[in-house]
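> Dropping a structure here in structure tokens format, bear with me for questions.
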Amino acid sequence: AQSVTQLGSHVSVSEGALVLLRCNYSSSVPPYLFWYVQYPNQGLQLLLKYTTGATLVKGINGFEAEFKKSETSFHLTKPSAHMSDAAEYFCAVSEGDFNKFYFGSGTKLNVKP
Amino acid sequence: DTAVSQTPKYLVTQMGNDKSIKCEQNLGHDTMYWYKQDSKKFLKIMFSYNNKELIINETVPNRFSPKSPDKAHLNLHINSLELGDSAVYFCASSQEGKTQYFGPGTRLLVL
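Protein chains in written order, with our numbering: chain D, 205 to 317; chain G, 6 to 116.
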């Protein structure tokens with residue numbers, strides 16, 4: 205069975221500091237991996253995705269994530285946090301039957317001035 | 006030029022009522038989904054339609070009935086609303102099961 209684990213339901217960083225949001229997954233086949241961001245009272249917006257090819261993927265707003273098969277991880281990073289990054293972040297994975305997405309429980313990022 | 010739209014945005018109703026939420030996508034996608042997000046922000050898929058055919062039907066009370074009149078629309082009808090149905094319901098769409106694009110959500114509050 206597929207599962208997605210996001211370590212840390214709340215992460216707090218100072219403005220300008222490194223952002224690291226963790227995501228681990230379990231999958232029996234090569235997965236497709238996604239990060240979505242949800243701003244307050246809004247829908248989910250795609251940040252970035254990994255399907256095949258280069259394992260380091262770049263997304264919008266300066267975010268990037270690296271697929272590490274050996275660690276079954278897809279952690280999201282940003283070198284320098286901005287106040288506008290404060291939001292809820294969701295990791296998601298889909299398998300061969302990729303109509304079905306499995307979402308992690310979300311990580312709320314707080315950015316302190 | 007909205008990609009995935011939902012109506013209404015907010016829905017406040019009494020227990021026992023029947024209500025519908027509508028979703029439309031103008032992306033030309035072949036697959037549409039309904040998700041429920043609870044108060045702890047946990048997202049769970051409810052249904053998925055591919056070219057108007059039901060392909061995913063998770064363990065959802067049969068008070069919930071999706072209807073897809075065409076590829077661009079997926080509506081969700083809920084009978085006999087209960088307090089526990091209060092949540093945010095998101096519609097999404099994708100092409101060939103790849104990246105899902107989400108609507109803005111419908112905030113349902115059952116009193």
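Here a beta-carbon is modelled for each residue, glycine too, at the ideal position from N, C-alpha and C.
(1) Name the DSSP bridge partner or partners of THR311/D?
(2) What whole-angstrom Cβ distance do ASP3/G and SER85/G have, given they're in contact under 8 Å?
(3) Taking LEU79/G and CYS28/G to be in contact with their CB atoms under 8 Å, please state how far apart those CB atoms are, rounded to whole angstroms.
(4) Going along chain D, which residues have a C-beta under 9 Å from GLY33/G?
(5) Rounded to a whole number of angstroms, what is the C-alpha to C-alpha distance between SER284/D and PRO74/G?
(6) Of all the CB atoms in chain D, is at least one closer than 8 Å to the CB of LYS57/G?
(7) List the residues of chain G whose Cβ lies closer than 7 Å to the Cβ of PHE267/D, in chain order.
(8) Just the chain G side, please: which residues come within less than 7 Å of GLY220/D by C-beta, in chain order?
(9) So if I threshold CB-CB distances at 8 Å, which residues from the region 10 to 23 of chain G count as touching chain D?
(10) Looking only at its chain, what residues have a beta carbon closer than 6 Å to the beta carbon of VAL93/G, apart from the 5 residues adjacent to it on each side?
(11) How would you list, in chain order, the residues of chain G whose beta-carbon sits under 9 Å from the beta-carbon of LEU174/D?
(12) On the DSSP bridge list, what partners appear for TYR15/G?
(13) Going along chain G in order, which residues have a C-beta closer than 9 Å to the C-beta of SER309/D?
(14) Exposed or buried, what is ASN55/G when buried is set at 16 or more other beta-carbons lying within 10 Å of its beta-carbon?
(15) Under 7 Å Cβ-Cβ, which residues of chain B neighbour LYS253/D?
(16) GLY21/G: which of ILE83/G, ALA97/G, LYS103/G and PHE95/G sits nearest, CA to CA?
(17) Interface residues of chain G around LYS319/D at Cβ under 9 Å?
(18) Go ahead and pull the three-state DSSP assignment for MET20/G.
(19) Kindly give me the distance between the Cβ atoms of ILE264/D and LEU248/D, rounded to whole angstroms, as I take these residues to be in contact under 8 Å.
(20) Mark GLN210/D as exposed unless 16 or more other C-beta atoms lie within 10 angstroms of its C-beta, in which case mark it buried.
(21) Which parts of the region 23 to 71 of chain G are runs of the beta strand (DSSP E), unbroken and 3 residues or longer, counting only runs that do not cross its ends?
(22) Can you name the residues of chain G whose CB is closer than 8 Å to the CB of GLN246/D?
(23) Which residue wins for smallest C-alpha separation from ILE60/G, given the options GLY212/D, LYS316/D, PHE305/D and PRO317/D?
On the basis of the coordinates in this document:
(1) Looking at the DSSP output, THR311/D shares a beta bridge with TYR293/D.
(2) Residue coverage of chain G in this structure runs from 6 to 116, which leaves residue 3/G outside it and unanswerable.
(3) Contact between LEU79/G and CYS28/G holds, since their C-beta atoms are separated by about 5 Å, short of 8 Å.
(4) Chain D residues near GLY33/G: none, gap ~17 Å exceeds 9 Å.
(5) Taking the Cα positions, SER284/D is about 46 Å away from PRO74/G.
(6) The Cβ of LYS57/G sits no closer than 8 Å to any Cβ of chain D.
(7) Against PHE267/D, chain G offers no close residue; the least beta-carbon distance is about 16 Å (beta-carbon pairs closer than 7 Å).
(8) When 7 Å is used as the limit between beta carbons, GLY220/D is near no residue of chain G, the shortest such separation being about 26 Å.
(9) Residues passing the 8 Å Cβ filter: none.
(10) Cβ contact annotation for VAL93/G (same chain, cutoff 6 Å, sequence separation greater than five): GLN42, GLY110 and ARG112, in chain order.
(11) Chain D is shown from 205 up to 317; residue 174/D falls before or after that span and cannot be answered.
(12) Answer is ARG112/G.
(13) Within chain G, the residues near SER309/D are LYS45, LYS46, PHE47 and LEU48.
(14) Buried is the call here.
(15) Structure shown: chain B not included; protein chains present are D and G.
(16) Minimum Cα distance to GLY21/G is reached at ILE83/G.
(17) Nothing about residue 319/D can be read from this structure; chain D reaches only from 205 to 317.
(18) Here MET20/G sits in coil by DSSP.
(19) Not a contact, Cβ separation roughly 13 Å.
(20) Buried is the call here.
(21) For the region 23 to 71 of chain G, whole beta strand (DSSP E) runs of length 3 or above, ordered along the chain, are 24 to 30, 36 to 42, 48 to 55 and 58 to 62.
(22) Neighbourhood of GLN246/D in chain G, by CB distance below 8 Å: PRO109 and GLY110, in chain order.
(23) For the set GLY212/D, LYS316/D, PHE305/D and PRO317/D, the Cα lying nearest the Cα of ILE60/G is the one of PHE305/D.
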